[in-house]
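Working notes, structure below.
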Amino acid sequence: LQAVISTMTKVVLVSTSATSLQGHDTGLWIEELAAPYYEFKKAGYEVVIASPAGGPIPIDKNSMGEGFFTDAAKKFMHDGEAVGELCHSTKLDSIDFASVDAIFCCGGHGTCVDFHDNAT
3 LQAVISTMTK
13 VVLVSTSATS
23 LQGHDTGLWI
33 EELAAPYYEF
43 KKAGYEVVIA
53 SPAGGPIPID
63 KNSMGEGFFT
73 DAAKKFMHDG
83 EAVGELCHST
93 KLDSIDFASV
103 DAIFCCGGHG
113 TCVDFHDNAT
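Here the working numbering runs 2 ahead of the position in the sequence shown, where the first position is 1.
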């Protein structure tokens, strides 16, 4: 018998852990995680939400304001599994990137704080 091993494509969505930029509240721009999260899930990919510090990812409150809070973002914020992953993100340096097929960096001004000099 020939064993068939199927592997699921694994995508890591990397978000910020930063809550402040030059004294101003900041964080993840929620649309920039929510939209790709659902696109990758729809394609059948394994999706991991990660951040430099791990744990809860701060959301820039302005990304949930009128004109910016998209349908994908609203769906995400009402999705218990998705919010759970956002609240318990994987610490970036604990990921075995040899097992990862793609990395997607999510936006938000918080990335100016913890992406540019992160060795991971």
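For glycine and all other residues, C-beta sits at the position ideal for the given N, C-alpha and C.
Your pair Met79 and Glu48 does not check out as a contact, with CB atoms roughly 22 Å apart and the cut at 8 Å. Buried is the label assigned to Phe117, since at least 16 other Cβ atoms lie within 10 Å of its Cβ.
Straight through space, the alpha carbons of Lys77 and Asn120 are spaced by roughly 30 Å.
For Val102, there is no enclosing alpha helix (DSSP H), as DSSP marks it with neither H nor E. Secondary structure note for Ala36: its alpha helix (DSSP H) is the uninterrupted segment Glu33 to Lys44. Closest by C-alpha distance to Trp31, out of Asp103, Ile61 and Thr72, is Ile61. Pairwise C-beta distances place the segment 93–107 out of contact with the segment 58–74, as fewer than three of them are shorter than 8 Å. One thing to note: Pro54 has its Cβ no nearer than 9 Å to the Cβ of Cys108. Separation of Ala74 and Glu33 (C-alpha to C-alpha, rounded to the nearest whole angstrom) is 7 Å. Taking a 10 Å sphere around the C-beta of Ser17, we find 16 or more other C-beta atoms and assign the residue as buried. In the DSSP assignment, Lys77 falls within the unbroken alpha helix (DSSP H) covering Asp73 to Met79.
A Cβ-Cβ separation of about 6 Å places Leu23 in contact with Cys114 under the 8 Å criterion.
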